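The next block holds one structure in the form of structure tokens; read it before the comments.
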Amino acid sequence: MPDGTEIGEFLRSRRDRLQPDEAGLPTYGDRRRVPGLRREEVALLAGVSVEYYTRIERGRAGSVSDDVIDGIARSLQLDDAERGHLVDLLRTDRSRATRRRPSQPGVRPEVQRVLDAMTDAPAVVRNGRLDLLATNPLGRALYAPVYEDLGPDETPNLARFQFLSSRSEAFYPQWDRAAHDCVALLRAEAGRDPYDRALSDLVGELSTRSEEFRVRWARHNVSDHRTGRKVAHHPVVGDLTLSYEGLDLPGDPGQTMLVYTAEPGSPSAEALRILASWVSPAGAATSPDATAGPRSSP
Numbered sequence: 001m002p003d004g005t006e007i008g009e010f011l012r013s014r015r016d017r018l019q020p021d022e023a024g025l026p027t028y029g030d031r032r033r034v035p036g037l038r039r040e041e042v043a044l045l046a047g048v049s050v051e052y053y054t055r056i057e058r059g060r061a062g063s064v065s066d067d068v069i070d071g072i073a074r075s076l077q078l079d080d081a082e083r084g085h086l087v088d089l090l091r092t093d094r095s096r097a098t099r100r101r102p103s104q105p106g107v108r109p110e111v112q113r114v115l116d117a118m119t120d121a122p123a124v125v126r127n128g129r130l131d132l133l134a135t136n137p138l139g140r141a142l143y144a145p146v147y148e149d150l151g152p153d154e155t156p157n158l159a160r161f162q163f164l165s166s167r168s169e170a171f172y173p174q175w176d177r178a179a180h181d182c183v184a185l186l187r188a189e190a191g192r193d194p195y196d197r198a199l200s201d202l203v204g205e206l207s208t209r210s211e212e213f214r215v216r217w218a219r220h221n222v223s224d225h226r227t228g229r230k231v232a233h234h235p236v237v238g239d240l241t242l243s244y245e246g247l248d249l250p251g252d253p254g255q256t257m258l259v260y261t262a263e264p265g266s267p268s269a270e271a272l273r274i275l276a277s278w279v280s281p282a283g284a285a286t287s288p289d290a291t292a293g294p295r296s297s298p
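Every letter in the sequence shown is one number past the one before it in the UniProt record's numbering, and letter 202, counting from 1, is 202.
The structure is reproduced here in structure tokens:
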């Protein structure tokens with residue numbers, strides 16, 4: 001089993017956010033010393049004994065059946081991402097043989113060709129740590145602010161940009177939402193791959209340097225966005241509202257391709273067209289604010 005601290009902190013954070021009446025339980029007007037549901041209430045709703053649920057929360061239950069996991073997920077009203085995170089935390093076989101192969105520092109040439117074939121839509125490949133591993137020219141131009149403060153050998157990372165760059169608040173008009181999603185993605189990745197040393201180092205760095213990150217990390221929120229909406233303010237073309245689709249790359253575990261599109265005829269579509277007109281076929285952006293740089297991280 002993993003360290004019971006992670007399991008316990010996650011389950012307690014989910015208990016704390018639910019009141020008995022929200023879970024369909026009577027309150028009887030009693031004064032509660034702690035927020036949210038008690039362990040015995042979760043056990044009752046999940047159909048397990050209090051002793052067994054307590055062992056689960058402490059990481060001492062051994063193998064936990066799918067039925068029990070489903071019962072806990074229902075009682076705590078977990079969404080799909082939260083249930084998946086709980087399953088990750090409860091995995092019993094965490095030997096070296098089952099560890100996920102580390103994500104490569106770049107992408108295969110075949111993947112880069114797929115990116116470059118998409119000339120009308122920004123596209124990027126990132127890993128679970130939110131490193132930008134590769135882009136097409138329009139994707140590079142879209143994320144130009146992320147690249148502007150980088151050293152020559154530094155890999156662009158969306159989490160570092162979000163919490164450590166002075167440019168992020170201008171780039172993300174909905175900064176609070178973007179910060180929430182960023183931390184929730186990293187928290188989910190930490191559950192999937194607890195042996196990722198680079199991820200642990202990143203979390204440690206951000207926790208040390210950013211109070212905003214540290215507070216959000218302690219909330220144990222998780223998400224696994226595969227589709228959604230991105231709102232950004234680009235320094236050249238202004239406000240953008242884009243839809244995105246995330247596609248996992250089966251041949252490259254841990255890598256996800258994100259493709260962004262705008263509603264046809266919208267101001268965002270026109271802004272993308274203008275941005276594309278400033279991008280040369282070789283991948284360098286001609287606008288002074290969309291600085292040139294490598295499309296695939298070293």
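Each residue gets a CB set at the ideal place from its N, CA and C atoms; glycine is no exception. Keep in mind that this is a model prediction, so the values were computed, not measured.
Could you say which of 222, 262 and 193 lies nearest to residue 81 if we only look at CA atoms?
-> 222
State the start and end residues of the unbroken alpha helix (DSSP H) segment that holds residue 23.
-> Following the DSSP letters along the chain, one finds residue 23 in no alpha helix (DSSP H), marked with neither H nor E.
If you count every other CB in all the chains shown that lies within 10 Å of the CB of residue 227, and 16 or more means buried, which is it?
-> exposed
Local conformation of residue 126 per DSSP, three classes | Three-state result, residue 126: strand.
From residue 220 to residue 59, what distance separates their C-alpha atoms?
-> 16 Å
Determine the DSSP secondary structure at residue 155, reduced to helix, strand or coil.
-> coil
Alpha carbon to alpha carbon, how far is residue 161 from residue 44?
-> When rounded, the distance between both Cα atoms is 44 Å.
Could you tell me which of 18, 17 and 5 sits nearest to residue 54, measuring between CA atoms?
-> 5
Helix, strand or coil for residue 45 per DSSP?
-> helix
On the DSSP bridge assignment, give the partners of residue 255 in chain order.
-> 127
Quick one: which unbroken alpha helix (DSSP H) runs of 4-plus residues sit fully inside the segment 198 to 261? Chain order, please.
-> 211 to 217
Buried or exposed (CB count within 10 angstroms, at least 16 for buried), residue 255 | buried
Is residue 121 helix, strand or coil by DSSP?
-> coil
List the endpoints of the continuous beta strand (DSSP E) containing residue 150.
-> No beta strand (DSSP E) holds residue 150; DSSP gives it neither H nor E.
Measure the C-alpha to C-alpha separation of residue 272 and residue 8 and round it to an integer number of angstroms.
-> Approximately 45 Å, taken between the alpha carbons.
Thinking just about the alpha-carbon of each residue, which of 118, 111 and 199 is nearest to the one in residue 125?
-> Minimum Cα distance to residue 125 is reached at 111.
Just tell me which of 176, 120, 133 and 206 has its CA closest to the CA of residue 159.
-> 206
Around the C-beta of residue 137, are 16 or more other C-beta atoms found within 10 angstroms, so that it is buried, or is it exposed?
-> buried
Residue 165 and residue 149: beta carbons closer than 8 Å?
-> yes
Pairwise C-alpha distance: residue 90 and residue 12 | Put simply, the backbone Cα of residue 12 is about 15 Å away from that of residue 90.
If we ignore side chains and look at the alpha-carbon of each, how far apart do residue 299 and residue 117 end up?
-> The structure shown does not extend to residue 299, since the chain is modelled only from 1 to 298, so the question has no answer here.
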